[in-house]
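In UniProt numbering, the protein residues as written are 1 to 87.
The C-beta atom is built at its ideal place from N, Cα and C for all residues, glycine as well.
All figures in this text were calculated on a predicted structure; none of them were measured in a lab.
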């Protein structure tokens with residue numbers, strides 16, 4: 001069974017045993033604390049995603065830059081094999 005399915009099954013079992021509370025079953029104080037945890041977790045997740053996107057953009061730009069340099073060398077080098085064939 002996949003991990004996601006197992007986690008869901010475990011959660012549903014704990015919920016049926018009343019070990020997990022819904023937000024509307026919590027006291028106002030517990031609700032504030034839970035919402036604070038959700039905000040912190042969301043913020044951390046979004047920062048992590050932004051960091052990964054930034055790394056990916058930099059990596060892609062570096063690859064494209066390297067590819068462009070290789071292509072420029074191919075067309076500017078008179079001894080490059082393709083340039084010799086074109087003459």
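Whole angstroms is fine: what's the gap from residue i's alpha carbon to residue j's?
i	j	result
residue 25	residue 48	31 Å
residue 32	residue 60	42 Å
residue 54	residue 4	28 Å
residue 37	residue 57	30 Å
residue 22	residue 43	22 Å
residue 45	residue 35	15 Å
residue 88	residue 64	Beyond the ends of the chain as shown, which are 1 and 87, falls residue 88; an answer cannot be given.
residue 39	residue 11	21 Å
residue 68	residue 62	10 Å
Determine the DSSP secondary structure at residue i, reduced to helix, strand or coil.
i	result
residue 18	coil
residue 28	helix
Between residue i and residue j, how many whole angstroms is the CB-CB distance? I'm expecting something under 8 Å.
i	j	result
residue 20	residue 14	5 Å
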